[in-house]
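In our numbering, the protein residues as written are 17 to 277.
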Amino acid sequence: MNGPGPIVIKLGGSILEDPASRRIALGSIADAWRAGESVVLVHGGGRKIDSMLAALGIPKQTHRGLRITDEPTLEVVVGVLAGIVNKCLVGELAAAGVPAAGISGADGATLTADLHPAIDGVTLGRVGRVTGANPTLIQAIAGRGMLPVVGSVALGRGGQLLNVNADAAASAVAVGLGARQLVYLTDVDGLLDERGALIPSISADSARMLVEYSIVKGGMLPKLQSAVDAVAGGVGKVVIAGPRYHAEILQGTGGTHLVAA
C-alpha cells in the first residue's frame with residue numbers, strides 16, 4: 017500500500033446475517049475499491065458462532081458480555097470466523113468484481129493477543145485481549161491488487177489461537193497499518209444521545225469520558241473504546257455508521273465521526 021494510509025472497515029453484528037444489509041455494505045466497499053481506495057475489511061461473526069454452537073449442541077457460555085471459550089467452543093469460533101464467514105465474504109466480494117483474499121488474524125501474526133485475565137474469579141478460556149497488529153501479510157495481499165479480508169482470531173503466546181473482540185481487532189489493524197480512517201459498519205445509526213438522536217461528531221476526549229463513566233452501554237461500549245484507542249494510535253478519523261448510511265459513508269457523510277480534537 018503506497019501513499020496515504022488505507023481505510024479499514026469493520027463489518028459485524030446483524031449485518032452479517034441480513035443479506036440485504038450485507039449486500040449494501042459490500043457494495044459500498046466494492047465501489048470504494050474500484051475508485052482506487054486501499055481498503056481492508058475486518059469482520060466478526062458472533063451470531064453465526066451462536067447458530068453453529070446450537071446446531072452442534074454446545075452450550076453458549078458468557079460472563080460480563082464475553083464468550084467463555086473452552087476448547088470445543090474455540091474450534092467453532094475458528095471454523096466460523098476463519099472459514100465460513102471469511103470465505104463467504106471473499107465470495108461475495110468476488111461476485112461484485114473485487115478480487116479478495118481472506119485470512120485470520122492468526123496468519124502471519126497479523127493480530128497478537130494475551131490471554132484475558134479471569135473476571136470475578138471466572139476463567140474465560142481461550143479469550144484474548146488484542147495487544148498489536150503486524151501489517152506485513154495484509155500489505156502483501158493488497159500489494160498484489162487484492163482486498164484483504166481479516167477474521168478476528170488472534171495469535172497468542174506459544175502459538176495459541178485466541179478468540180478476540182472484532183472491534184478491538186479492527187482498531188489494532190488500523191493502527192498497525194497507519195490507516196487514515198477506520199469505519200465501523202454496524203446495525204445502529206451511530207452513537208446516539210439520551211433522546212435517541214444521532215450524534216454526528218464527537219472528539220476523542222469526549223468519547224473517552226463516555227467510556228470511563230459507563231455512559232454508553234451494550235455493544236456500543238467496546239466499539240467506542242476501540243475507536244478511542246484507534247485515534248490515540250494515530251488513526252485520523254473513526255466513523256460508526258448504521259445501514260441507512262452504508263451507501264454513502266465512504267464519501268464522508270452519515271454516522272458518527274470521531275476525531276482527535
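Backbone N, C-alpha and C fix where the C-beta goes; we use that ideal spot for every residue, glycine too.
No experiment lies behind these values; they were computed from the predicted model shown.
About 5 Å separates the beta carbons of G144 and A170, which is inside the 8 Å limit, making them a contact pair. With distances taken between CA atoms, S120 lies nearest to L57 out of M162, S242, L57, H132. Residue environment for D136: exposed (fewer than 16 other C-beta atoms within 10 angstroms of its C-beta). Judged by DSSP in its simplified three-state form, D136 adopts coil rather than helix or strand. DSSP places L69 in the helix class (H, G or I) of the three-state scheme. In this structure, the alpha-carbon of T272 lies about 11 Å from that of A223. When secondary structure is reduced to three states using DSSP, S168 falls in the coil class, being assigned neither helix nor strand.
In its chain, beyond the 5 residues on either side, D130, L131 have a beta carbon closer than 8 Å to the beta carbon of R173.
Looking from the CA of S187, the closest CA among P216, E228, D245 belongs to D245. Shown here, K239 sits in a helix according to DSSP, grouped into three states.
In the structure shown, T126 falls within a coil segment according to DSSP collapsed to helix, strand and coil. A Cβ-Cβ distance of about 28 Å is found for the pair H59 and S219, leaving them out of contact under the 8 Å criterion. Residues of the same chain with a CB within less than 7 Å of the CB of V96, apart from the 5 flanking positions on each side, are G61, K64, I65, M68 in chain order. In the DSSP annotation of this structure, V106 is not part of any beta strand (DSSP E); the continuous alpha helix (DSSP H) holding it starts and ends at 102–111.
Residue pairing from DSSP leaves T152 without any beta-bridge partner.
In the displayed model, A117 falls within a strand according to three-state DSSP. Counting C-beta atoms within 10 angstroms of its own C-beta, S242 has 16 or more neighbours from the protein chains shown and is therefore classed as buried. Rounded to whole angstroms, the separation of the alpha carbons of T139 and G206 is 33 Å. Annotated as proximal: I23 and Q197, with beta-carbon spacing under 7 Å. DSSP places L193 inside the alpha helix (DSSP H), whose first and last residues are 182–193.
DSSP lists Q197, V275 as the beta-bridge partner residues of K253. Apart from the 5 residues on each side of it in sequence, I157 sits with its Cβ closer than 6 Å to the Cβ of A117, P164 in its chain, given in chain order.
Membership of S219 in the beta strand (DSSP E) is indicated by the continuous run 217–219.
Bounds of the beta strand (DSSP E) holding L57 are 55–59.
The beta carbons of V275 and K239 sit no closer together than 7 Å. D209 is the residue among G99, A213, S30, D209 whose C-alpha sits nearest the C-alpha of L226.
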